[in-house]
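**Q**
Protein chains in written order, with the working numbering: chain A, 558 to 834; chain B, 2 to 295.
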């Protein structure tokens with residue numbers, strides 16, 4: 558590994574400017590959520606920053622008694638798990654298909670990625686109409702169907718990235734040693750992809766957990782979490798909702814950060830010394 | 002002969018593996034869009050609150066009424082502003098990742114730029130209210146420093162807030178394609194440029210910029226397309242009566258005017274698909290993703 562192998566000399570003005578813009582971008586992305594988190598620790602009814610010594614979990618304690626919040630959370634977790642259980646294997650299968658394809662590869666990829674770009678409200682509306690015509694009553698199942706469409710492109714991408722780290726020669730070697738294609742896949746490819754499959758599952762779960770536009774059209778009687786929160790946010794936000802927003806932020810950031818650093822660690826272990834670019 | 006057989010079996014395996022995802026994308030993604038496009042040309046039936054198969058362009062004519070055309074243009078305008086600002090931030094940031102960082106810092110930065118995407122967009126949009134509001138941190142600082150006498154009102158519930166919220170949410174879509182474009186640059190090209198004595202700006206403008214341009218265009222396009230579809234920032238941060246295409250669809254559906262909602266959806270989807278296809282044809286954007294999984 559050559560640290561800072563690329564541009565190192567020359568004018569510092571450009572580097573400084575670019576680094577400043579990078580930091581500015583990160584501030585825009587992180588500062589508001591961080592501020593909300595700190596403000597949610599205020600003991601007062603009115604949300605604002607307080608000295609760390611006065612930090613309190615009062616509004617977080619109130620969360621425990623919020624029944625409607627609890628049932629929205631239950632619904633979202635159910636939908637998220639169901640979505641992830643479906644998206645992970647289907648995504649893996651699509652990634653394997655992409656690798657095996659000799660023709661129509663770019664079209665296949667375009668189909669997969671294009672699903673990301675249809676506005677959520679339009680996807681949700683179309684799906685809700687079709688499901689209603691099919692006499693399928695809106696429930697957590699219909700939300701899951703919508704969320705499968707939303708998360709699958711990401712599950713495919715994560716599996717593709719994971720698959721690119723598995724050399725085809727490893728699979729071929731197992732085949733040469735007499736393993737059937739299924740056996741070689743289960744014994745060689747699958748263990749090497751464990752990390753990406755976990756990432757795929759967690760990302761699908763989180764994307765589903767936070768999805769709002771499609772769920773708006775697909776829910777039954779029970780709200781999902783983002784829909785409940787959206788309602789609460791627009792009707793005079795209470796400290797509880799800030800606390801809950803804070804909790805969501807902490808949990809989802811922690812989950813994704815963990816996945817990323819786990820992946821990096823694994824990558825370093827498997828590809829020590831070689832720059833994979 | 003034998004080679005032929007192997008190739009055919011490989012194709013069949015590939016097809017079988019692709020099948021589940023195709024069922025999802027075509028069955029629950031594509032078919033509803035096609036049906037909506039068809040039904041948008043039917044007539045609203047007030048008895049059943051559904052459409053009846055009498056062909057009509059009435060819904061498309063209604064697109065131009067009641068200020069709906071303005072909503073289309075405003076949505077496109079806000080999305081274009083968001084895409085422009087996001088790209089202006091993302092190109093330098095991706096350069097820091099792809100050119101100015103060692104592998105460790107590059108990985109860390111990519112992680113930092115992508116992590117928020119997987120967290121609650123709703124909460125992140127909502128958080129801007131605390132920052133930009135009358136009692137928010139920015140107004141607090143401005144009045145505290147004596148720069149303004151009364152809180153600045155246009156920070157929140159304005160187009161400014163909407164674009165800021167969307168930029169913060171959509172930067173990952175701009176950065177990822179540019180980082181992918183960097184991954185395709187041969188390091189020797191940059192080293193050669195330096196060996197010949199080119200400084201940072203010279204290397205950036207004459208070597209790097211032309212090579213990452215497809216990534217920059219793809220990034221702009223991704224953000225634009227995503228921003229056209231969002232409603233969250235408009236609803237949480239926009240001013241009174243602020244609308245967007247998605248909000249308009251929700252409103253139209255509140256009075257269950259199916260054909261009109263379908264017409265809006267169709268126009269938007271056709272526009273977005275055309276945009277992506279044209280850009281892909283002219284710039285070969287799908288090449289950016291080609292090395293994935295191989």
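Glycine included, C-beta positions come from ideal geometry on N, C-alpha and C. On a predicted model such as this, the values are computed, not experimentally measured, just so you know.
1. By Cβ distance below 8 Å, which residues in the same chain neighbour residue 787(A) in space, the five residues on each side in sequence not counted?
2. Report back the beta-carbon spacing between residue 205(B) and residue 570(A) to the nearest angstrom; my notes put them in contact at under 8 Å.
3. When the Cα atoms are used, what is the spatial distance from residue 673(A) to residue 700(A)?
4. Please state the DSSP three-state secondary structure of residue 807(A).
5. Assess contact between the stretch 619-631 of chain A and the stretch 771-786 of chain A, defined as three or more Cβ pairs (one per stretch) separated by less than 8 Å. Is contact present?
6. Excluding the five sequence neighbours on either side, which residues of its own chain have a C-beta within less than 6 Å of the C-beta of residue 80(B), listed in chain order?
7. For residue 773(A), count the other beta carbons within 10 Å of its own beta carbon; 16 or more makes it buried, fewer makes it exposed. Which is it?
8. Only counting the same chain, and skipping five residues up and downstream in sequence, which positions put a Cβ closer than 6 Å to that of residue 126(B)?
9. In this structure, does DSSP put residue 45(B) in helix, strand or coil?
10. Under 7 Å between beta-carbons, which chain A residues line up against residue 15(B)? List them in chain order, please.
11. Would you mind telling me which residues of chain A sit closer than 7 Å to residue 129(B), beta carbon to beta carbon, in chain order?
12. Give a yes or no on whether the C-beta atoms belonging to residue 174(B) and residue 223(B) are separated by under 8 Å.
13. Which residues of chain A have a Cβ atom closer than 7 Å to the Cβ of residue 96(B), listed in chain order?
14. Can you tell me whether residue 689(A) is buried or exposed, with buried defined as 16 or more other CB within 10 angstroms of its CB?
15. With 7 Å as the C-beta to C-beta threshold (strictly closer), list the residues of the stretch 718-740 of chain A near chain B in chain order.
16. Rounded to a whole number of angstroms, what is the C-alpha to C-alpha distance between residue 562(A) and residue 195(B)?
17. From which residue to which residue does the beta strand (DSSP E) around residue 51(B) run?
18. What separation, rounded to the nearest whole angstrom, lies between the Cα atoms of residue 1(B) and residue 168(B)?
19. Looking only at its chain, what residues have a beta carbon closer than 7 Å to the beta carbon of residue 91(B), apart from the 5 residues adjacent to it on each side?
20. Of all the CB atoms in chain A, is at least one closer than 8 Å to the CB of residue 134(B)?
21. Using a Cβ-Cβ cutoff of less than 7 Å, which residues in the same chain neighbour residue 52(B) once the five nearest sequence positions on both sides are dropped?
22. Along chain B, in chain order, which residues have C-beta atoms closer than 8 Å to that of residue 592(A)?
23. Would you call residue 683(A) buried or exposed, if buried means 16 or more other Cβ atoms sit within 10 Å of its Cβ?
24. In chain A, what lies closer than 7 Å to residue 226(B) by C-beta?
25. Tell me whether the beta-carbon of residue 111(B) lies closer than 8 Å to the beta-carbon of residue 98(B).
26. Going along chain B in order, which residues have a C-beta closer than 8 Å to the C-beta of residue 763(A)?
27. Given a cut-off of 8 Å on the beta-carbon distance, is the pair residue 760(A) and residue 637(A) in contact?
28. Could you check where the alpha helix (DSSP H) with residue 764(A) kicks off and where it finishes?
29. Would you kindly report the start and end of the unbroken alpha helix (DSSP H) that includes residue 772(A)?
30. Are residue 679(A) and residue 269(B) touching if we call contact CB-CB under 8 Å?
31. Can you pull the chain A neighbours of residue 108(B), defined as C-beta to C-beta under 7 Å?
32. Buried or exposed, going by whether 16 or more other CB atoms sit within 10 Å of the CB of residue 155(B)?
33. Note down, in chain order, every chain A residue with its Cβ under 7 Å from the Cβ of residue 242(B).
34. Do you know how far the Cα of residue 765(A) is from the Cα of residue 120(B)?
35. Who are the Cβ neighbours of residue 662(A) in its own chain at under 7 Å, not counting the five residues just before and after it?
36. Is residue 634(A) close to chain B, meaning its C-beta is less than 8 Å from at least one C-beta of that chain?
**A** Concretely, from the data shown:
1. Here residue 787(A) refers to the residue found at position 230 of the first chain. For residue 787(A), where only same-chain residues beyond five positions count, the Cβ hits under 8 Å are 769.
2. By 1-based counting over the second chain, the position of residue 205(B) is 204. By 1-based counting over the first chain, the position of residue 570(A) is 13. Going by Cβ atoms, the distance from residue 205(B) to residue 570(A) rounds to 12 Å, so no, they are not a contact pair.
3. Counted from its first residue, the first chain places residue 673(A) at position 116. Counted from its first residue, the first chain places residue 700(A) at position 143. Approximately 17 Å, taken between the alpha carbons.
4. Position 250 of the first chain, counted from the first residue, corresponds to residue 807(A). The answer is helix: DSSP assigns residue 807(A) an H, G or I state.
5. yes
6. Position 79 of the second chain, counted from the start, is the residue given in the question as residue 80(B). Result list for residue 80(B): 225, 228 and 229, in chain order.
7. One-based indexing of the first chain puts residue 773(A) at position 216. It counts as buried.
8. Here residue 126(B) refers to the residue found at position 125 when the second chain is read from its first residue. Here the set comprises 166, 233, 234 and 237.
9. For the purposes of this step, residue 45(B) is identified with residue 44 of the second chain, where counting begins at 1. Reduced to three states, the DSSP call for residue 45(B) is strand.
10. Mapped onto the second chain, residue 15(B) falls at position 14. What residue 15(B) touches in chain A: 654, 657 and 658.
11. Within the second chain, residue 129(B) is the residue found at index 128, counting from 1. Correct list: 589.
12. Start at 1 with the first residue of the second chain, and residue 174(B) comes out as number 173. Start at 1 with the first residue of the second chain, and residue 223(B) comes out as number 222. Cβ atoms of residue 174(B) and residue 223(B): closer than 8 Å.
13. Taking the second chain and counting its residues from 1, the one referred to as residue 96(B) is at position 95. Those within 7 Å of residue 96(B) in chain A are 575.
14. Within the first chain, the letter at position 132 stands for residue 689(A). Flag for residue 689(A) reads exposed.
15. 718, 720 and 721
16. Within the first chain, residue 562(A) is the residue found at index 5, counting from 1. Within the second chain, residue 195(B) is the residue found at index 194, counting from 1. Bear in mind that the predicted position of residue 562(A) carries a pLDDT of just 43, short of 50, making it unreliable; the figure below should be weighed with that in mind. Near 12 Å, if we compare the C-alpha coordinates of residue 195(B) and residue 562(A).
17. One-based indexing of the second chain puts residue 51(B) at position 50. Note, residue 51(B): beta strand (DSSP E), 51-53.
18. No answer is possible for residue 1(B): it lies beyond the span of chain B, which begins at 2 and ends at 295.
19. Position 90 of the second chain holds residue 91(B). Counting only Cβ-Cβ distances below 7 Å, and skipping sequence neighbours, we find 172, 175, 176, 179 and 220.
20. Here residue 134(B) refers to the residue found at position 133 when the second chain is read from its first residue. Cβ-Cβ to chain A under 8 Å: no for residue 134(B).
21. Reading the second chain from its first residue, position 51 is the one you call residue 52(B). Correct list, in chain order: 40, 43, 44, 45, 46, 259 and 260.
22. Start at 1 with the first residue of the first chain, and residue 592(A) comes out as number 35. Neighbours of residue 592(A) on chain B, chain order: 128, 131, 132 and 138.
23. Start at 1 with the first residue of the first chain, and residue 683(A) comes out as number 126. Label assigned to residue 683(A): buried.
24. Residue 226(B) sits at position 225 when you count from the first residue of the second chain. 674, listed in chain order.
25. For the purposes of this step, residue 111(B) is taken as the residue at position 110 of the second chain. For the purposes of this step, residue 98(B) is taken as the residue at position 97 of the second chain. Against a cut-off of 8 Å, the Cβ pair of residue 98(B) and residue 111(B) comes out as a contact.
26. Looking up residue 763(A) in the first chain gives position 206. Simply 119 and 120.
27. Looking up residue 760(A) in the first chain gives position 203. Looking up residue 637(A) in the first chain gives position 80. No, these two residues do not count as a Cβ contact at 8 Å.
28. Residue 764(A) sits at position 207 when you count from the first residue of the first chain. Residues 751-766.
29. Start at 1 with the first residue of the first chain, and residue 772(A) comes out as number 215. Note, residue 772(A): alpha helix (DSSP H), 772-775.
30. Walking along the first chain from the start, residue 679(A) turns up at place 122. Walking along the second chain from the start, residue 269(B) turns up at place 268. Against a cut-off of 8 Å, the Cβ pair of residue 269(B) and residue 679(A) comes out as a contact.
31. Within the second chain, residue 108(B) is the residue found at index 107, counting from 1. What residue 108(B) touches in chain A: 821.
32. Stepping through the second chain from its first residue, residue 155(B) is reached at position 154. Classification of residue 155(B): exposed, given that the 10 Å Cβ count is below 16.
33. Locating residue 242(B) in the second chain gives position 241, counting from the first residue. Simply none; closest approach about 15 Å.
34. Here residue 120(B) refers to the residue found at position 119 of the second chain. Here residue 765(A) refers to the residue found at position 208 of the first chain. Approximately 10 Å between the Cα atoms of the pair.
35. Here residue 662(A) refers to the residue found at position 105 when the first chain is read from its first residue. Taken in chain order, the residues that qualify are 655.
36. Counting from one through the first chain, the residue named residue 634(A) turns up at place 77. Residue 634(A) does not count as touching chain B.
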